[in-house]
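Trainee:
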Amino acid sequence: MKDEDFNGILQGLREARAHARGEHVAGLAVHVPSHLDVAAIRARSKLSQPRFAARIGVPVGTLRGWEQGRRAPDGPARVLLALLDRNPRIVEETLGAAVE
């Protein structure tokens, strides 16, 4: 193995460890979609509006506004919804139990 290749792999491992510790890694960007189909995300979870709203910690009215397009989620809510879009059970898997 060339020194250049080895050094590149070693640098990648260092960056991965830093990222795992929650440190900022230059050049690492997280993409959160600008538009999320909140109704479809909730439908895949098979939860009612009240249960889904409780699960993600928002009022039911806020969830309805997102689903009807009157408002759009922002900040942490958008990130959480993007995660739920990829894995509808991420809350339970992460917290270890159903959140009501």
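When we follow the working numbering, the leftmost residue of the sequence shown carries the number -16, and every step to the right adds one.
Just so you know, even glycine gets a beta-carbon here, dropped at the ideal spot from N, CA and C.
1. How close, in whole Å, do the beta carbons of V43 and P33 come, if the pair is a contact with beta carbons under 8 angstroms?
2. Quick check: what's the CA-CA separation for E50 versus A(-1)?
3. Can you give me the C-alpha to C-alpha distance between G52 and A22, rounded to a whole angstrom?
4. Which full runs of the alpha helix (DSSP H) of 4+ residues lie inside the segment 31 to 70, going along the chain?
5. Hey, out of L67, A65, R(-3), D68, whose CA is closest to V8's CA?
6. Mind checking L67: buried by the 16 CB within 10 Å criterion, or exposed?
Mentor: Once the coordinates are examined:
1. With 8 angstroms as the limit, V43 and P33 qualify as a contact, their Cβ atoms being about 5 angstroms apart.
2. Using only the alpha carbons, I get a separation of about 36 angstroms.
3. When rounded, the distance between both Cα atoms is 10 angstroms.
4. Here the runs fully enclosed are 32 to 39, 43 to 50, 58 to 69.
5. With distances taken between CA atoms, V8 lies nearest to R(-3) out of L67, A65, R(-3), D68.
6. By the beta-carbon neighbour count (other beta carbons within 10 angstroms, threshold 16), L67 is buried.
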